[in-house]
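Below is one structure, written out as C-alpha cells; comments come after it.
Residue numbers (this note's numbering): 67 to 222.
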C-alpha cells in the first residue's frame, strides 16, 4: 500500500498546473523540489489523519474537507476528485457524506468534533466539543451517510 500511496500523491502533485508550467518552461529541478515538498506535506496530513481517532472526512455541496483538528484541508470538489481525502477514506478514515441532509441549519449547528479528546458537558451548543462517535450519532439523525463507521468496530 505504501507504494500505491506515494504513486497517487506523486501523480497528484505532478498534475498541478503550477508544477506543469515549471516543467514546460524547463525548470525541472524546481518542479521536482516543489512536488516533493507537496508530497511530504500530504504524507504529514495522512499520518495526522490515521493517528487521530477523531479525524474524519466530510463531503457536502460545498466540497470536501479533511478534518484534522486545528487544521483542515479542503477542496471545492467531491471526494472522488480530492486525492488526499479519497486516499484517507480508502485507508479507513470515516467519511461523513452531508449531501443527503435536508436541514442544513441544524447540521451546521451540531457541536464540533474534539481532536484532543476533551469533551464538553451537556447542554451542547454549536460551539461545544464532542467525540467523533457522539457527533456521528447526532449527524446520522439528520440523514448523513457514513462510510467507514467507527461505531461498528467500537461496539465489539
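Glycine is no exception: its CB is placed at the ideal position from the N, C-alpha and C atoms.
For residue 182, the closest of 169, 196, 175, 172 by C-alpha to C-alpha distance is 196. Listed in chain order, the non-local C-beta contacts of residue 143 below 7 Å within the same chain comprise 129, 130, local neighbours out to five positions each way being set aside. A Cβ-Cβ separation of about 6 Å places residue 217 in contact with residue 199 under the 8 Å criterion.
Distance between residue 104 and residue 201, taken at the CA atoms: about 31 Å. Note on geometry: alpha-carbon atoms of residue 98 and residue 150 lie some 19 Å from one another.
The stretch 153-206 is shown to contain whole alpha helix (DSSP H) runs of 4 or more residues at 170-174, in chain order. Separation of the CB atoms of residue 153 and residue 109 is rounded to 10 Å, and the pair is thereby denied contact status at 8 Å.
For residue 212, the beta-bridge partners assigned by DSSP are 162. Check the Cα spacing between residue 113 and each of 124, 191, 132: the tightest is with 132. Distance from residue 166 to residue 209 at the Cβ level is roughly 5 Å; contact confirmed, criterion being Cβ atoms closer than 8 Å.
Leaving aside the five residues that flank residue 119 on each side, the residues in its chain whose CB is nearer than 8 Å to its CB run, in chain order, 198, 216. By DSSP's assignment, residue 69 forms no beta bridge with any residue.
The beta-bridge partner set that DSSP reports for residue 131 consists of 124, 140. A Cβ-Cβ distance of about 6 Å is found for the pair residue 155 and residue 213, placing them in contact under the 8 Å criterion. Residue 189 is classed as exposed because its beta carbon has fewer than 16 other beta carbons within 10 Å across all chains shown.
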